[in-house]
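Working notes for the structure below.
Residue numbers (this note's numbering): 125 to 191.
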């Protein structure tokens, strides 16, 4: 699921098997439109996507802006 706010879209997902199983996480994607965010995700190969998802933050964590 993608959610947009102030030029940033968030991929909201639940981690798969392993230590983080079932935890809801969010990945910030700098994009002006949902289509741009989807294109950025689609351009990633499996390795790049894996690294990006590993850098995702806990859903309840907030930035200084409150997101």
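From the three backbone atoms N, C-alpha and C, an ideal C-beta is built for every residue, glycine too.
Just so you know, these numbers come straight off a predicted model, no measurement behind them.
Local conformation of residue 182 per DSSP, three classes: Here the question's residue 182 lines up with position 58 in the chain shown. Strand, per DSSP.
Residue 157 to residue 166 span [Cα, whole Å]: Locating residue 157 in the chain shown gives position 33, where the first residue counts as 1. Locating residue 166 in the chain shown gives position 42, where the first residue counts as 1. Distance between the alpha carbons of residue 157 and residue 166 is about 14 Å.
Neighbour-count burial assignment, residue 130, 16 or more Cβ in a 10 Å radius: Along the chain shown, read from residue 1 onward, the residue named residue 130 stands at position 6. Classification of residue 130: exposed, given that the 10 Å Cβ count is below 16.
Sequence-distant residues of the same chain with beta carbon closer than 8 Å to residue 134, five excluded per side: To locate residue 134, count along the chain shown from 1; it is residue 10. So the qualifying residues of the chain are 126, 127, 128, 150, 151, 152, 153, 191.
Alpha-carbon to alpha-carbon, residue 172 and residue 148: Locating residue 148 in the chain shown gives position 24, counting from the first residue. Locating residue 172 in the chain shown gives position 48, counting from the first residue. The alpha-carbon atoms of residue 148 and residue 172 are separated by roughly 20 Å.
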